[in-house]
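The UniProt record's numbering puts the first residue of the sequence shown at 1, with every later residue one more than the last.
C-beta: ideal position from N, C-alpha, C; glycine also.
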Amino acid sequence: MVMGDIRLTCVDLDRAYWHRFGNFKRGTSLRPTDEIGEDGWQFVIFGDDADLTKVAQSEELIFEIIASLIPTEVRFNKLVWVSEFRANIRMVNNPTGGQGLNSGIQDAFNLGWKLALVEKGLADKSLLETYNAERMPVISEMLERTTTILNQAVKTENMTVRRSPILFMLGINCRSSNIVLDEFATTGKPINAYGVLDERGLEAGDRAPDAPNMSQVGGGESGVKTLFGLYRPWYHTVLVFAPSHADATPILGALEAYDTSIVRSAVVLPSSASATSVASPADLVLVDQEGHAYSAYLVEAGQTKVFVIRPDGVVGAIVRGAEGVKKYFSGITLESR
Numbered sequence: 001m002v003m004g005d006i007r008l009t010c011v012d013l014d015r016a017y018w019h020r021f022g023n024f025k026r027g028t029s030l031r032p033t034d035e036i037g038e039d040g041w042q043f044v045i046f047g048d049d050a051d052l053t054k055v056a057q058s059e060e061l062i063f064e065i066i067a068s069l070i071p072t073e074v075r076f077n078k079l080v081w082v083s084e085f086r087a088n089i090r091m092v093n094n095p096t097g098g099q100g101l102n103s104g105i106q107d108a109f110n111l112g113w114k115l116a117l118v119e120k121g122l123a124d125k126s127l128l129e130t131y132n133a134e135r136m137p138v139i140s141e142m143l144e145r146t147t148t149i150l151n152q153a154v155k156t157e158n159m160t161v162r163r164s165p166i167l168f169m170l171g172i173n174c175r176s177s178n179i180v181l182d183e184f185a186t187t188g189k190p191i192n193a194y195g196v197l198d199e200r201g202l203e204a205g206d207r208a209p210d211a212p213n214m215s216q217v218g219g220g221e222s223g224v225k226t227l228f229g230l231y232r233p234w235y236h237t238v239l240v241f242a243p244s245h246a247d248a249t250p251i252l253g254a255l256e257a258y259d260t261s262i263v264r265s266a267v268v269l270p271s272s273a274s275a276t277s278v279a280s281p282a283d284l285v286l287v288d289q290e291g292h293a294y295s296a297y298l299v300e301a302g303q304t305k306v307f308v309i310r311p312d313g314v315v316g317a318i319v320r321g322a323e324g325v326k327k328y329f330s331g332i333t334l335e336s337r
């Protein structure tokens, strides 16, 4: 492929859409981009009918090919930049499937919080080795899926096939990681790194789910919150689901050993619990007004269950109490203060 940015004027090209012309033997696509001007477009030229290396070196050929494929008059204003693009899965993923950007962000978040702990002297450098262990299975699965899509698209000359919901990436997990801890999971068949459609389970290593309509009581500003609103990329969030605040107290006591700049806590009470203000060592006390959190996190009535949410939004641990919390943090060599 040849790709780059170009400035051109064509009254019949709606800038609200991404356009594609031609076929797999000779084609082009244009995506509007205002970053280079109101007449800016990112273009891709593809196909076997042209010497793409030669095309990438010739502004005249680029203009000629694009003009021949667009069925209306085009005025070329400027070629901003151009490059020949060759997908090679060892370093550059092909764009089919739309997985690249999200995968890159996931990589950065996975590595970022680990680097921060090591830099602060709160974790051993060996923690960084878990980056490859957690992300390599995901990327390997991603490359297999996107390559399959590309091969099918080339074979059928059809890029508009409906994609599987698995590509939404909501099931991506690192359940096999040696730094996640789950005291409730039963030993079974290892799950695919992209997860399984319609699976209703939640285990350590999964993406932490959200829950709306969480009412905060005592110790700060009141109002309705979501669980996603609590999570941040620079600290762990410990959710203590408990029938009452008293049931959560031993766990909160164990958390006092850790610096609040890197570990925060929230007690999550059921809607049946008393919502009166209480003095609490927790950063937040929440009432699950409509049961969304208890449902999403699979917590039964009367049960005490603790979830440690990592800075990258992954469930790092699902444990029964204080000892499990200590075991999890010792696994990432987080020092207590």
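Which residues DSSP lists as bridging residue i, in chain order
i           : result
Gly40       : Arg7
Asn88       : Val92
Lys225      : Met214
Gly27       : Gly22 and Phe46
Lys305      : Phe241
Leu286      : Gln216 and Val268
Ser83       : Met3
Pro32       : Trp41
Arg15       : Per DSSP, none; premise fails for Arg15.
Leu181      : Ala317
residue 363 : Residue coverage of the chain in this structure runs from 1 to 337, which leaves residue 363 outside it and unanswerable.
CB of residue i within 7 Å of CB of residue j, strictly
i      : j      : result
Ile6   : Phe43  : yes
Ala317 : Leu181 : yes
Trp113 : Asp312 : yes
Phe21  : Leu69  : yes
Val306 : Val240 : yes
Ile262 : Ala322 : no
Gly172 : Thr96  : Before going on, a small fix: residue 172 reads as Ile here, not Gly. No, these two residues do not count as a Cβ contact at 7 Å.
Thr333 : Asp39  : no
Val287 : Leu269 : yes
Glu183 : Gly324 : yes
Glu84  : Val2   : yes
His292 : Pro212 : yes
Ile62  : Thr28  : no
Thr146 : Asn88  : no
Among the options, the one whose alpha carbon lies nearest that of residue i
i      : options                           : result
Val82  : Leu101, Thr53 and Asn88           : Thr53
Glu144 : Phe228, Ser261 and Gln99          : Gln99
Ser103 : Tyr194, Val325 and Glu290         : Tyr194
Val196 : Leu170, Gly218 and Asn178         : Leu170
Arg264 : Arg135, Ala282, Asp12 and Arg31   : Ala282
Arg175 : Asp107, Met1, Val138 and Ala108   : Val138
Ala273 : Glu290, Ala257 and Asp259         : Glu290
Ala248 : Val267, Thr260 and Glu256         : Val267
Ala208 : Gly324, Val308 and Gly321         : Val308
Asp107 : Lys125, Asp206, Tyr131 and Ile89  : Tyr131
Glu64  : Leu8, Asn93 and Gly97             : Leu8
Leu30  : Leu13, Lys326, Pro212 and Ala56   : Leu13
Thr260 : Met1, Leu79 and Thr237            : Thr237
Ser271 : Ala257, Leu284, Leu255 and Tyr294 : Tyr294
Asp206 : Lys120, Arg135, Ala242 and Ser215 : Arg135
Ala16  : Val2, Arg26 and Thr33             : Thr33
Ile36  : Met1, Val80, Asp48 and Arg90      : Val80
Glu60  : Asp49, Asn77 and Glu73            : Asn77
Asn192 : Tyr235, Glu141, Lys155 and Val278 : Glu141
Pro233 : Thr304, Leu111, Ala185 and Asn178 : Leu111
Asp75  : Tyr258, Trp41 and Ile105          : First, the amino acid is wrong: residue 75 is Arg here, not Asp. The shortest C-alpha separation from Arg75 is found at Trp41.
is_contact[residue i, chain B] using C-beta, thresh 7 Å
i      : result
Phe329 : Among the chains in the structure shown there is no chain B, since it carries only a single protein chain.
Jot down the residue ranges of each uninterrupted alpha helix (DSSP H) in the segment 228 to 276, minimum 4 residues, whole runs only, in chain order.
-> Note on the segment 228 to 276: whole alpha helix (DSSP H) runs with a minimum of 4 residues are 245 to 255, in chain order.
Could you say if the segment 199 to 219 and the segment 153 to 165 meet the contact criterion of at least three C-beta pairs nearer than 8 Å?
-> With a cut-off of 8 Å, the segment 153 to 165 and the segment 199 to 219 do not count as touching, because too few Cβ pairs lie within range.
Could I get the ranges of all uninterrupted beta strand (DSSP E) runs contained in the UniProt domain "FAD-binding" (94 to 146), with 3 residues as the minimum, in chain order?
-> At a cut-off of 3 residues, not a single continuous stretch assigned as beta strand (DSSP E) sits fully inside the UniProt domain "FAD-binding" (94 to 146).
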